[in-house]
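Its first residue numbered 1200, the sequence shown is counted upward by one per residue in this note's numbering. Glycine is no exception: its CB is placed at the ideal position from the N, C-alpha and C atoms. It should be emphasised that the depicted structure is a prediction, and the values quoted were computed from it without experimental measurement. Just below is one structure, and these are the notes that go with it.
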Amino acid sequence: MNASAFTSTSPAAKPATRPLLKALDEALAELLGRATPLAGSDTVSTFDADGRVLAEDVVSALQVPPEDNSAMDGYAVRAAELADEGVVLRVSQRIAAGSSGSALEPGTVARIFTGAPIPAGADAVVMQEDCEPLADREGYVSVRQLPRPGQWIRRAGEDVTRGATVLSKGERLTPAALGLAASIGMDRLQVARRPRVALFSTGDELVMPGEVAPAQMRPGAIYNSNRFFLRALLLRLGCEVSDLGIVPDQRDATLDALRSASQAHDLILTSGGVSVGEEDHIKPAVQQLGSLDLWQIAMKPGKPFAYGRVGAAHFMGLPGNPVSSFLTFLLLVRPFLLRLQGVPDVATKSIAAAAHFTWPRADKRREFLRVRRNAGGGLDLFPNQSSGVLTSAVWGDGVVDNPSGQTIAHGDTVRFIAFSEWLA
Ligand code: AMP
Ligand code: MG
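Written out as structure tokens, the structure reads:
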């Protein structure tokens, strides 16, 4: 790892050399090294905790299920009393879910329903489909099956034992996790506080949808699309977003925006303006107020990416091209934000899949090709892989993570990352 990558540089001292290409994994490791989990936590209703990250272990004060109970509607029996099929026994009690019966009288069975506690003495449940209440003898049933001891009984504690850690600190809560927390009586959960993120877009060409109608757009103008997906991505990651809109391509305006954003935010996230063109004001402005490292990341789409500090806030500058912005967010900003919330394992999981396309030209950068799963169990490629074509990210349901210098032949096994893996 290149330790000097984070050395802050003042504008005057900055040599005018071209930054070297940095491997994506190296960039990510350096960023994560900077992502000290945020201090502080919130207590939230379990209802509202979906997507939040646990700030402490959740330990069960009871066992689930609380006692042995029936997995079926049927009859609770003593298995040893049913040596032959068709034995007729008296129904001595009726136990519904929510009630508790009494010890099972020898030589009898108990009518029982799903979720009802197994009476003492019973050791199996025969489902009602295998029993026949006698038409001519009220209160008696013929059991047509030889039960296995333990059959259709859900054991006390088979889901959760008393004292077990059911959810761990650093775990990101899912709908199923909320249900599990509720099952042990947790109505509130202690979660990491939301990262506060200031978001702004740079670019004099940008116009907000709704402000100018498509027919009235002046030549050279485009709508600001990055603002929409970046905001949505941040919200999905549990962030509190201050959307600061579009900052014009001017040094003073950029300085003002950065200065005010650095006051009360953990991260300032910008898109555009991180190349080294004359109209790219992010770099000198961040350097003037704090420190900045401009990286050329060996990924495609992507490449320019900036990390720095402004006051106490982290700064990240994404490229302006929409697909580059989208993917650098998912590959670098997302893990950073999860780590700020205390998630230990932020690695993206890819799976092996078959390419149903060819990619004949190898690139020296690691490529992320927008693809879609097809009904034949393979991946189709979106025809236009340009970094400006946002349609590719909507048509696609994921990307192929293609190593640098690699061509792809039809049928090759490639690494696929589903957008659902990132967007959950
Ligand atoms: P930049 O990184 O500022 O040089 O921008 C690279 C390309 O991305 C240019 O074509 C910009 O017009 C475009 N771009 C920058 N920001 C946005 C945005 N917020 N929405 C859509 N396109 C953008
Ligand atoms: Mg620009």
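From the options, residue whose alpha carbon lies closest to that of residue i
i: G1437; options: N1425, E1357, L1537, W1494; result: L1537
i: L1398; options: G1587, A1420, L1466, P1348; result: L1466
i: A1391; options: G1575, A1254, A1355, W1594; result: A1254
i: L1345; options: G1362, R1354, V1324, N1425; result: V1324
i: L1220; options: A1321, D1241, D1492, R1430; result: D1492
i: D1256; options: S1586, G1369, W1558; result: G1369
i: L1261; options: R1289, D1358, A1412; result: D1358
i: I1550; options: Q1584, G1587, E1620, V1509; result: E1620
i: G1575; options: A1554, F1427, F1528; result: A1554
i: V1545; options: A1226, L1223, L1231, A1222; result: L1231
i: V1258; options: V1287, R1361, A1319, V1613; result: R1361
i: R1572; options: N1423, V1613, V1532, L1539; result: V1613
i: H1480; options: P1503, P1447, V1509; result: P1447
i: A1296; options: E1266, L1303, R1289; result: E1266
i: R1347; options: G1409, R1395, A1282, Q1327; result: A1282
Alpha carbon of residue i to alpha carbon of residue j, nearest angstrom
i: D1596; j: R1343; result: 52 Å
i: A1234; j: N1268; result: 47 Å
i: R1450; j: R1565; result: 33 Å
i: V1598; j: R1569; result: 5 Å
i: P1374; j: A1248; result: 9 Å
i: V1542; j: Q1389; result: 14 Å
i: A1463; j: R1393; result: 13 Å
i: F1615; j: L1530; result: 14 Å
i: G1384; j: R1354; result: 19 Å
Per-residue DSSP class, three states only, for residue i
i: P1413; result: helix
i: A1623; result: coil
i: V1545; result: coil
i: N1425; result: helix
i: Q1605; result: coil
i: L1491; result: strand
i: T1469; result: strand
i: K1563; result: coil
i: I1383; result: coil
i: R1458; result: helix
i: D1600; result: strand
i: R1392; result: coil
i: G1577; result: strand
i: A1309; result: strand
Anticipated Cβ contact below 8 Å, residue i with residue j, distance rounded
i: A1512; j: S1461; result: 4 Å
i: L1625; j: L1454; result: No answer is possible for residue 1625: it lies beyond the span of the chain, which begins at 1200 and ends at 1623.
i: P1318; j: L1303; result: 4 Å
i: V1340; j: E1328; result: Contact flag wrong, Cβ pair sits at about 12 Å.
Proximity test, Cβ basis, 8 Å: residue i and chain B
i: A1355; result: Among the chains of the structure shown, chain B does not appear; only one protein chain is present.
- On the three-pair Cβ rule with 8 Å, is the segment 1303-1311 touching the segment 1260-1277? yes
- Message: For the structure I just gave you, are there three or more beta carbon pairs, one from the segment 1470-1484 and one from the segment 1398-1414, closer than 8 Å?
- Response: yes
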